[in-house]
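Protein sequences appear in the order of chains S and W. Count the first sequence with the working numbering and you get residues 1 to 117, in order. Count the second sequence with the working numbering and you get residues 1001 to 1113, in order. Beta carbons: idealized from backbone N, C-alpha and C, even for Gly. All of these numbers come straight from a predicted model, not from anything done at the bench.
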Amino acid sequence: GAGVSQSPSNKVTEKGKDVELRCDPISGHTALYWYRQSLGQGLEFLIYFQGNSAPDKSGLPSDRFSAERTGGSVSTLTIQRTQQEDSAVYLCASSSAGNRGSYNEQFFGPGTRLTVL
Amino acid sequence: AQSVTQLDSQVPVFEEAPVELRCNYSSSVSVYLFWYVQYPNQGLQLLLKYLSGSTLVKGINGFEAEFNKSQTSFHLRKPSVHISDTAEYFCAVRPQGAQKLVFGQGTRLTINP
């Protein structure tokens, strides 16, 4: 595709339910990132993938949050037992390479707006 | 650790007036610096970046920013704004050797006719 795509665009769930958010990166991009944009916390980094590995998952706020990437392409962010404070826009970005010491622009998707009732 | 402070949460200006959006950062390591723009109901788009070299960098849509190492600032400027510049602007840093972006809280730029 032409850009990073995310699905669903909107998700409303009830407190305590699990949710899965999907990200399709730009074809050929080996690096993939998840960020969260919320009213209280601004834009925060969650996790970074290089290929299928996650060398930096320092931003995941709790063990209810997990992410995986398969085939070096699609990534899924899973939130278990959702809480109201999880309500936010979840943004995915991808870039080529992502090697240390080099710069590769991160291209962002439109985001998934998650609302936990 | 790194932190980014955008000094103004909202900036209202009149059309065709100049604007400056302020950004300061702190970091114990060298960083790359960025400004991103988020138009209403859209994703983030890179406006400009500073990696090295000339401290004055030019971006898209007539924006420019100047890196000031001594003041740890990276303020964004435009000499004459247009209604279409209404958006939220985010300053970000990326520590050299790391991949994640650290963002400021954002500045909402509102252009009045």
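If we call anything under 9 Å between Cβ atoms a contact, is Q1099 of chain W one with N1024 of chain W?
Contact check for Q1099 of chain W against N1024 of chain W fails: the beta carbons are separated by 9 Å or more.
Quick one: residues in its chain with C-beta nearer than 8 Å to the C-beta of S1080 of chain W, no 5 flanking neighbours on either side, listed in chain order?
The beta carbon of S1080 of chain W sits closer than 8 Å to those of E1016, A1017, P1018 and G1062, all from its chain and outside the five residues before and after it, given in chain order.
Terminal residues of the continuous beta strand (DSSP E) containing L1044 of chain W?
Following the DSSP letters along the chain, one finds L1044 of chain W inside the beta strand (DSSP E) bounded by residues L1044 to Y1050.
Please report the distance separating the alpha-carbon of L1051 of chain W from that of C23 of chain S.
Rounded to the nearest whole angstrom, the C-alpha separation of L1051 of chain W and C23 of chain S is 28 Å.
Chain-ordered residues of the stretch 30 to 48 of chain S with a beta carbon less than 8 Å from chain W
Under the 8 Å Cβ criterion, the stretch 30 to 48 of chain S contributes A31, Y33, Y35, G42, L43, E44, F45 and Y48.
Could you have a look at G1062 of chain W and say whether DSSP puts it in helix, strand or coil?
Reduced to three states, the DSSP call for G1062 of chain W is helix.
Roughly how many angstroms separate the alpha carbons of Q1105 of chain W and V1057 of chain W, rounded to a whole number?
About 22 Å.
How about T1107 of chain W and Q1006 of chain W: are their beta carbons less than 9 Å apart?
Yes, these two residues count as a Cβ contact at 9 Å.
Identify whether I1083 of chain W lies in helix, strand or coil by the three-state DSSP scheme.
I1083 of chain W sits in a helix when the DSSP states are folded into three classes.
Measuring only the C-alpha atoms, how far is V1031 of chain W from Q1045 of chain W?
Each residue's alpha carbon lies about 19 Å from the other.
One or two residues paired with R1094 of chain W in a DSSP bridge
Answer by DSSP bridge pairing, in chain order: W:Y1032.
Please compile the residues from chain W whose C-beta is within a distance smaller than 9 Å of the C-beta of P110 of chain S.
Listed along the chain, the chain W residues whose CB falls inside 9 Å of the CB of P110 of chain S are N1041, Q1042 and G1043.
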